[in-house]
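Beneath this line is the structure, given in structure tokens, with notes to follow.
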Amino acid sequence: MNHFIIKNRKDVQKLSTLAIFAGKTMLSNGAETYRVEDTINRICSSKENIKEVDSFVTQSGFFLTLEYEGEIFTYLKRVKDVGINLNKINLVNDFSRQFVNQDISLEKGMKTLDEINNIPGYPKYLKILGGSYVSGFFSLMYGGSPQDFLPSFIASFISLIILDKLSKFNLTFFIDRFIGAFLSSLLAIFAVKLGIGVNLDKIIIGSIMYLVPGVSITNSIRDTMSGDSLSGLSKGIEAILSALAIAFGVGIVLNLKSKGWI
Numbered sequence: 000m001n002h003f004i005i006k007n008r009k010d011v012q013k014l015s016t017l018a019i020f021a022g023k024t025m026l027s028n029g030a031e032t033y034r035v036e037d038t039i040n041r042i043c044s045s046k047e048n049i050k051e052v053d054s055f056v057t058q059s060g061f062f063l064t065l066e067y068e069g070e071i072f073t074y075l076k077r078v079k080d081v082g083i084n085l086n087k088i089n090l091v092n093d094f095s096r097q098f099v100n101q102d103i104s105l106e107k108g109m110k111t112l113d114e115i116n117n118i119p120g121y122p123k124y125l126k127i128l129g130g131s132y133v134s135g136f137f138s139l140m141y142g143g144s145p146q147d148f149l150p151s152f153i154a155s156f157i158s159l160i161i162l163d164k165l166s167k168f169n170l171t172f173f174i175d176r177f178i179g180a181f182l183s184s185l186l187a188i189f190a191v192k193l194g195i196g197v198n199l200d201k202i203i204i205g206s207i208m209y210l211v212p213g214v215s216i217t218n219s220i221r222d223t224m225s226g227d228s229l230s231g232l233s234k235g236i237e238a239i240l241s242a243l244a245i246a247f248g249v250g251i252v253l254n255l256k257s258k259g260w261i
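Under numbering that gives the first Met the number 0, the sequence shown has 56 at position 57, and the numbering climbs by one with no breaks.
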């Protein structure tokens, strides 16, 4: 068990900061809201003299309240930049269990979380190559011919590079996915016209798969099933809007092609 005792208000603030930091790291890397709530509550409730711990997590931030010697402490944390890093989520999840079951000081806990938060992600070139390869194989999985792999790979590769360059403008996820789908479809048409690919539909399907909001859809369902209707609904709406952006991007290109403008 964790034998570290909360002695004063300063220790309460340190404990709250630790829990908030853990929750922010998980939420900003794509964790489900119920998992973030569980982690925050577990860390704060591990101290016997901390009473009535409650957290309320949404997709863009969370509240934390706890009681110490009859005094209520309330905190609010806004989370804006959300990405996907399942490794960090797993590491923070493991840390929270270690913090509860071992004698870890608040200072050491903050240092551990800071190390987890500063773990570098995969380099950009590896993400682009990985996304492009996945897109190529998706075109095959959906019934494309071996000749469709290369154009799907190229379309995704070029689109990902352009989106990476545009990321400095902080585009919304809707515009980002619309541009990605538009570019991928346009490049797929050019590839077929050049005789590189055979099945245009399979190439387009494969080349836009890196845009599909799979994590948002999964988290939406899991949060809803866990009773977090607000977070589940917000993530579900985000997934629907992302799908619409992809559909608009592909649809506009195909419409231009049908009119002979491409």
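The C-beta atom is built at its ideal place from N, Cα and C for all residues, glycine as well.
Count the other CB atoms, across all protein chains shown, that sit within 10 Å of the CB of G130; report buried if there are 16 or more and exposed otherwise. buried
Please list the terminal residues of the continuous beta strand (DSSP E) segment that includes F72. 70-77
Might you give, ordered along the chain, the residues of its own chain that have their beta carbon closer than 7 Å to the beta carbon of S95, omitting 5 neighbours on each side? A21, T38, R41, I42
How close, in whole Å, do the beta carbons of L184 and I157 come, if the pair is a contact with beta carbons under 8 Å? According to the sequence as given, residue 184 is Ser; it is not Leu. Rounded, the Cβ-Cβ distance is 12 Å, inconsistent with contact.
When you compare only the Cα positions, how much space is there between E36 and S54? 6 Å
Take every Cβ of the segment 13-33, pair it with every Cβ of the segment 224-233, and state whether three or more of those distances are shorter than 8 Å. Verdict: yes, contact present.
Euclidean distance between Cα positions of G250 and S257: 10 Å
Once the 5 residues before and after A154 are set aside, which same chain residues still bring their CB inside 6 Å of it? S183, L186, A187, S206
So, are the CB atoms of D175 and L105 less than 8 Å apart? no
Name the one or two DSSP bridge partners that V282 has. Given a span of 0 to 261 for the chain in the structure shown, any question on residue 282 remains unanswerable.
For G248, count neighbouring Cβ atoms within 10 angstroms of its own Cβ and tell me buried if that reaches 16, exposed if not. buried
Close-in-space but distant-in-sequence residues of the same chain around V197 (CB under 7 Å, 5 per side omitted): S144, Q146, D147
Closer than 7 Å by C-beta to T24: which residues in its own chain qualify, once you throw out the five before and the five after it? Chain order, please. K87, V91, L112, I115, N116
Using CA coordinates, which residue listed in G231, D93, G194 is at the minimum distance from V56? G231
Indicate the three-state DSSP secondary structure (helix, strand or coil) for E31 in the structure shown. coil
For K201, name the three-state secondary structure that DSSP assigns. helix
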